[in-house]
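In full-length UniProt numbering, the protein residues as written are 1 to 466. Glycine included, C-beta positions come from ideal geometry on N, C-alpha and C. Just so it is clear, the structure is predicted and the values come from calculations on it, not from any experiment.
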């Protein structure tokens, strides 16, 4: 059945829960659409293993195979599903260990592996977005990782009926007995008093008196070991300082690639009209191809327009130190002169093949289109979510909060998987502190910032910059 869906290239969700399916999941699962976001086959009679190539489904954010009879190990390839938020293999018969690659899933917030035959220790790292973890009724052993006590969003942790041992961490989820279950682990100790676990104090065994020659021998050995450790520490410190100096020099290298006016002229076919993508307030945007065949978008500033040069520096400052999957990535910038000696400024961005949201909502048919473009409800919802995530990052998670000031459909660009990216930071403002004071050199003499109809309503009633 799954093999027949391989050609469904736009398949987003596949829910097969609660049927009476049997047999094994074939490797054809890994050949489904990379746009697939959710796959569920829980509460069936599936046996066998998990396909080793499941990591090919790079668009997955939800994977649920609970309540089956699966017996294969969890493949290392699961760590390639970087967008995964929910993973459930609970109530199967899975053997082996949890692969260490699960630590790559930084967006994972729900992990269900209860009632299997899993063993070994818990991986050394998990994404700090985790909210719920259920590893109960397995054969896990070793210490409970202390990183669980550092996760800010973890509200449910079930480690019951395993073979964990040693000291129970304290803090956050370990301080809430209603959110924590450790029953069935007889070798645990410590923790908060409400857990009613024994103390971890060790009883020191009685030692017999040592003879004088033995004491001298031990003292000599300890002295030599101490001398060796001191020598090792000195050498280690010296090598560390040498590496630090080397890394300091290398860190001064510009992380952005250097590009000249001639390179951009060649990449855009002399800024031909055929490569013109759009025209904005302060310049034009062209499609270009660099020498390494990388597609880029080149924004050429019209420096005859008042504010264009300031827009260039404002956008460079805003985009220099920010990185987010829903922001248009700036690759480099060019500030030079053209072949006529005129000042030239341009910004080079990652190319977005599906153009802007404006083009999907309002543009008329062109000669290449047979029917109007349309967005499904799910696509619209995903775009809204992407833009909200970008704004939340700019406002709340940057070192200095940034206000975009001009969010509109033409500034929301779509990549080949229809993921939204917020762009055009020419009017962006950087907030200096928690009192929302705008850095002075980011303001201008113009009271209104942004496009009419898209700027914040409060901007229409001010008479001085804010």
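Would you tell me roughly how many angstroms separate the C-alpha atoms of residue 42 and residue 13, rounded to the nearest one?
If you take the alpha carbons of residue 42 and residue 13, they lie about 14 Å apart.
Should residue 131 and residue 158 be called a contact, given that it needs their Cβ atoms to be closer than 8 Å?
Taking 8 Å as the Cβ cut-off, residue 131 and residue 158 do not qualify as a contacting pair.
I'd like the list of long-range same chain contacts for residue 142, defined as Cβ closer than 6 Å, with 5 residues on each side in sequence excluded.
Within the same chain, Cβ atoms closer than 6 Å to the Cβ of residue 142 are found at 121, the five residues on either side in sequence being excluded.
What's the gap between the Cα of residue 145 and the Cα of residue 414?
Rounded to whole angstroms, residue 145 to residue 414 spans 40 Å at the Cα level.
Only counting runs of 4 or more residues, tell me where the alpha helix (DSSP H) segments fall wholly within the region 295-372, in order along the chain.
If only uninterrupted alpha helix (DSSP H) runs of at least 4 residues are considered, those enclosed by the region 295-372 are 308-319, 357-361.
In terms of DSSP beta bridges, what is residue 279 paired with?
Residue pairing of residue 279 in beta bridges, as defined by DSSP: 284.
Look up residue 190 in the DSSP assignment and give the residues it is bridged to.
The partner list for residue 190 (beta bridge, DSSP) reads 168.
Contacting residues, own chain, Cβ-Cβ under 6 Å from residue 287 (five flanking each side not counted)
Closer than 6 Å at the Cβ level, and outside the excluded window around residue 287, lie 275, 277.
Between residue 395 and residue 324, what straight-line distance do the alpha-carbon atoms span, to the nearest angstrom?
Rounded to whole angstroms, the gap between the alpha carbons of residue 395 and residue 324 is 13 Å.
Return helix, strand or coil for residue 52, following the three-state DSSP convention.
Under the three-state reduction of DSSP, residue 52 is assigned to coil, being neither helix nor strand.
C-beta atoms of residue 33 and residue 9 nearer than 8 Å
A contact, by the Cβ cut-off of 8 Å.
What three-state label does DSSP hand residue 397 in the structure shown?
If DSSP states are grouped into helix, strand and coil, residue 397 belongs with coil.
Residue 390: which of 96, 378, 407 sits nearest, CA to CA?
Of the listed residues, the one whose Cα sits closest to residue 390 is 407.
For residue 142, three-class secondary structure by DSSP
Three-state DSSP puts residue 142 in a strand.
Distance CB(residue 189)-CB(residue 167) smaller than 8 Å
It is a contact, given that the beta carbons lie within the stated cut-off.
Report buried or exposed for residue 397, applying the criterion of at least 16 other Cβ atoms within 10 angstroms of its Cβ.
By the C-beta density criterion, residue 397 is exposed, having fewer than 16 other C-beta atoms within 10 angstroms.
Whose CA, out of 319, 300, 289, 382, lies closest to the CA of residue 353?
Out of 319, 300, 289, 382, 289 has the C-alpha closest to the C-alpha of residue 353.
Considering only their Cβ atoms, is the gap separating residue 333 from residue 316 smaller than 8 Å?
In this structure, residue 333 lies closer than 8 Å to residue 316 by Cβ.
Euclidean distance between Cα positions of residue 212 and residue 95:
Rounded to the nearest angstrom, the gap between the Cα atoms of residue 212 and residue 95 is 54 Å.
Quick one: using the 10 Å Cβ neighbour count with 16 as the cut-off for buried, is residue 221 buried or exposed?
It is exposed - the Cβ of residue 221 has fewer than 16 other Cβ atoms within 10 Å.
Taking the C-alpha atoms as reference points, what is the distance between residue 197 and residue 191?
Whole-angstrom Cα-Cα distance: 7 Å.
Please work out which residues of its chain come closer than 8 Å, Cβ to Cβ, to residue 6, disregarding the five sequence neighbours upstream and downstream, and give them in chain order.
If you ignore the 5 residues before and after residue 6, its C-beta comes within less than 8 Å of the C-beta of 28, 31, 32, all in its own chain and listed in chain order.
Alpha carbon to alpha carbon, how far is residue 279 from residue 285?
Their backbone Cα atoms lie some 6 Å apart in a straight line.
Using the C-alpha atoms, what's the distance from residue 295 back to residue 226?
Between residue 226 and residue 295, the C-alpha separation is close to 60 Å.
Could you tell me the distance, in whole angstroms, from the CA atom of residue 384 to the CA atom of residue 349?
Using only the alpha carbons, I get a separation of about 22 Å.
Among 199, 358, 147, 154, nearest to residue 173 - alpha-carbon criterion
Nearest of 199, 358, 147, 154 to residue 173, Cα basis: 154.
Please report the distance separating the alpha-carbon of residue 23 from that of residue 49.
Put simply, the backbone Cα of residue 23 is about 10 Å away from that of residue 49.
Which residues in the same chain have their Cβ closer than 8 Å to the Cβ of residue 425, if we skip the five residues on either side of it in sequence?
So the list reads 314, 315, 318, 319, 402, 404, once near-sequence residues are dropped.
Please report the distance separating the alpha-carbon of residue 126 from that of residue 107.
When only Cα atoms are considered, residue 126 and residue 107 end up about 10 Å apart.
Within 10 angstroms of the Cβ of residue 218, are there 16 or more other Cβ atoms? Answer buried if so, exposed if not.
Per the 10 Å Cβ criterion, exposed.
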